[in-house]
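In my numbering, the protein residues as written are 23 to 210. Glycine residues also receive a C-beta, built at the ideal position from the N, C-alpha and C atoms.
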Amino acid sequence: ARCDGGASSPAAQSKPKFTTPTTPSPYAPNSDDYERVNEQMYINDFNVSLSNHVLYSCLLDDNRIKRYEVYKHKHHEEILCIIDFGEEVVGWPEIVHGGISALLIDNTFGWLLFAYHKPMSVTANLHLDYRSPVRSNSSSILRVKIDHVEGRKLHMTGSLTEASSGRVQVEAKSLFIIAGKKTKQEGY
């Protein structure tokens, strides 16, 4: 697999910005509890382009990440993400590279903060426990939530599970730091 990166390259100019499957996922959550969050909200709220974002410009297509749908829970702060993996994201035959899982989990933690209007924050650490293989050409469900907050520190947890069986594939813990000046009152 090769990423023809850069918005100015001929390959990037001919590639659509987003590959959105036309058929709904069989794993889409109940609309009574979840609502779809999409990339256009991000572009509008932050007045930015995703043309240089590694996920949206390079990985989201029919051979790599076929589907990356983000949903926010209507009643509590949780993100559910449906991910369909293609065949060009492997590190070993038929096994999705752990770095791809890490990128998707970290990105989805960011969507959690964005969807619930949390302050601008950055990843301080990301701890992953790989429990079972993530297979290429398969679907997974990723759920993330804020576990607790300490001043400017946002502690979050998540899990990636195989959509068809519910088997845990990756468990995640992350610490994000709210961007901004440190103050003595915050203990920094």
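Residue i, enclosing beta strand (DSSP E) - first and last residue
i, result
"Asp128", "Asp128 -> not in any beta strand (DSSP E); alpha helix (DSSP H) instead, spanning 120-137."
"Glu91", "87-95"
"Gly113", "112-114"
"Tyr152", "143-152"
"Asp106", "100-107"
"Arg165", "161-172"
"Val156", "Unbroken run through Val156: none, as it is neither H nor E."
"Arg58", "56-59"
Residue i to residue j span [Cα, whole Å]
i, j, result
"Leu135", "Ile105", "19 Å"
"Arg153", "Leu182", "10 Å"
"His139", "Arg86", "30 Å"
"Thr179", "Met63", "24 Å"
"Val10", "Gly121", "Nothing can be reported for residue 10, as the shown portion of the chain is limited to 23 through 210."
"Lys39", "His149", "For Lys39, the predicted structure reports a pLDDT of 45, less than 50, and the residue's modelled location is therefore unreliable. A value from the coordinates is still provided. Looking at the two C-alpha atoms, the distance is approximately 30 Å."
"Gly202", "Cys80", "30 Å"
"Leu197", "Arg165", "16 Å"
"Ala137", "Val59", "7 Å"
"Gly188", "Leu77", "25 Å"
Which listed residue (the options) has its alpha carbon closest to that of residue i
i, options, result
"Ala124", "Ile168, Pro48, Gln191, Asn52", "Gln191"
"Asp83", "Arg153, Lys140, Arg58, Glu109", "Glu109"
"Arg157", "Val76, His97, Val112", "Val112"
"His98", "His75, Asp169, Ser73", "Asp169"
"Ala50", "Ile163, Leu197, Glu193", "Ile163"
"Asp128", "Arg58, His177, Gly188", "His177"
"Phe131", "Asn74, Tyr93, Lys167, His119", "Lys167"
"Asn52", "Tyr93, Glu184, Pro115, His119", "Tyr93"
Residue burial classification, residue i (beta-carbon count within 10 angstroms, cutoff 16)
i, result
"Ser186", "exposed"
"Thr44", "exposed"
"Glu91", "buried"
"Trp133", "buried"
Beta-carbon proximity list for residue i, same chain, < 7 Å, skipping 5 on both sides
i, result
"Ile199", "Ser143, Val144, Ala146, Arg174, Lys175"
Cutoff 8 Å; reference residue i; Cβ partners in own chain excluding five residues on either side
i, result
"His95", "Asp55, Tyr56, Ile101, Leu102"
"Ser47", "Arg89, Glu91, Ile104, Asp106, Ser161"
"Ile117", "Pro155, Val156, Arg157, Ser158"
Short CB-CB distance (under 8 Å) between residue i and chain B
i, result
"Phe198", "Chain labels in this structure do not include chain B; a single protein chain is all it has."
Other residues of its chain near residue i: CB distance less than 6 Å, five sequence neighbours each side excluded
i, result
"Pro141", "Ile200"
"Ala194", "Ile127, Leu150, Gly180"
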